[in-house]
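Okay, so here's the structure we're looking at.
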Amino acid sequence: MATFDRGFKSWSERTSTNIRNELGLAPHDCLNVFRLAEFLEVTVLTPNDIPGLPEEVLDQLARKDPFGWHAVSLSLPDGQMLLIYNPKKSDGRKASDIAHELAHIVLEHKPSTVILSQDGSFAMRTYDQKQEDEANWLAWSLLLPREALIRAMRRGTSIDETANLYGVSPQLVKYRLSVTGVSVQLARIRKR
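The sequence shown begins at 0 in numbering that gives the first Met the number 0 and counts up by one.
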């Protein structure tokens, strides 16, 4: 179970609202992750867009194991930020993956360290569960803010319609309804 610092969830909702304001969006508007990346000055690519990527690497990512990875963000030595995402995923999953990587950037998380074997044939990376949980929470707050959920549910918008409206998966809508307390809040209002 995710452990967040006190106030992190509320901070994420406020940050989502502030970012949306800077993009000229209302809290209930759909967020285009590519527009957010541009706003954050992050270059977004697929493996096919990377010049000089060895054919065997491209083959592994795009053909042999296209569902074994999601997205990655990198900081280049010149300070440029890159985000590489898997174009084979569903639109909802791509949005979530890109938003997750952008959330790491907004949160200024320390990047993972890649550890290679001496001959370079084996690689591992460090993993910080707290950073991953924080990036998920902020990403999902950006994609589907609490205020947007309340508005959709009050209007009687179905889970699938809400997912389509916000470019996310129905699973994310259900999850956010549950963890934000929107379902409980609206059920109480309806009982009155």
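Cβ atoms here follow ideal geometry from the backbone N, Cα and C, with glycine treated the same way.
Legend entry - Segment contact, 8 Å Cβ cut-off, at least three pairs: the segment 150–170 with the segment 112–119: As far as the Cβ criterion goes, the segment 150–170 does not touch the segment 112–119, which means the pair count is below three.
Inset, instruction - Spatial neighbours of Ala134 within its chain, please: CB distance less than 6 Å, with the 5 preceding and 5 following residues excluded, ordered by chain position. - result: His99, Ala102, His103.
Inset, instruction - Measure the alpha-carbon distance for Phe33 versus Glu55 and round it to whole angstroms. - result: 28 Å
Legend entry - Assigned secondary structure, Gly84 (DSSP; H/G/I helix, E/B strand, else coil): Residue identity differs from the one stated: residue 84 is Tyr in this sequence, not Gly. If DSSP states are grouped into helix, strand and coil, Tyr84 belongs with the strands.
Inset, instruction - Verify whether the separation of the beta carbon atoms of Leu141 and Arg175 is less than 8 Å. - result: In this structure, Arg175 does not lie closer than 8 Å to Leu141 by Cβ.
Inset, instruction - Check whether the segment 76–96 touches the segment 14–29, taking contact to mean three or more Cβ pairs, one atom from each stretch, closer than 8 Å. - result: no
Legend entry - At least 3 beta-carbon pairs within less than 8 Å: the segment 78–97 vs the segment 160–172: yes
Inset, instruction - Following the continuous alpha helix (DSSP H) through Thr42, name the residue where it begins and the one where it ends. - result: Counting along the chain, Thr42 falls outside any alpha helix (DSSP H), though it belongs to the beta strand (DSSP E) covering 41–44.
Legend entry - For His108 and Pro53, the rounded distance between their alpha carbons: 29 Å
Legend entry - CA nearest to the CA of Trp10, picked from Leu137, Ala70, Asp28, Asp64: Leu137
Inset, instruction - Could you please give me the residues that DSSP links to Asp57 through a beta bridge? - result: In the sequence as displayed, the identity of residue 57 is Leu instead of Asp. None, per the DSSP bridge assignment.
Legend entry - Closest residue to Phe66 among Leu30, Ala151, Met123, Pro86 (Cα-Cα distance): Pro86
Inset, instruction - Would you check if the distance between the CB atom of Thr45 and the CB atom of Lys129 is smaller than 8 Å? - result: no
Legend entry - Ala70, enclosing beta strand (DSSP E) - first and last residue: If you look at Ala70, you'll find it in the beta strand (DSSP E) that goes 70–74.
Legend entry - Through-space distance from Ser72 to Ser111, alpha-carbon basis: 10 Å
Legend entry - Enclosing beta strand (DSSP E) for Ile114 [first to last residue]: Taken as a continuous stretch (DSSP letters only), the beta strand (DSSP E) holding Ile114 covers 113–115.
Inset, instruction - Would you grab the beta carbon distance between Val41 and Leu82 for me? Rounded to a whole angstrom, and I think it's under 8 Å. - result: 5 Å
Legend entry - The alpha helix (DSSP H) enclosing Ala36, as first and last residue numbers: Ala36 -> alpha helix (DSSP H) spans 32–38.
Inset, instruction - Kindly indicate the opening and closing residues of the beta strand (DSSP E) around Arg124. - result: 122–124
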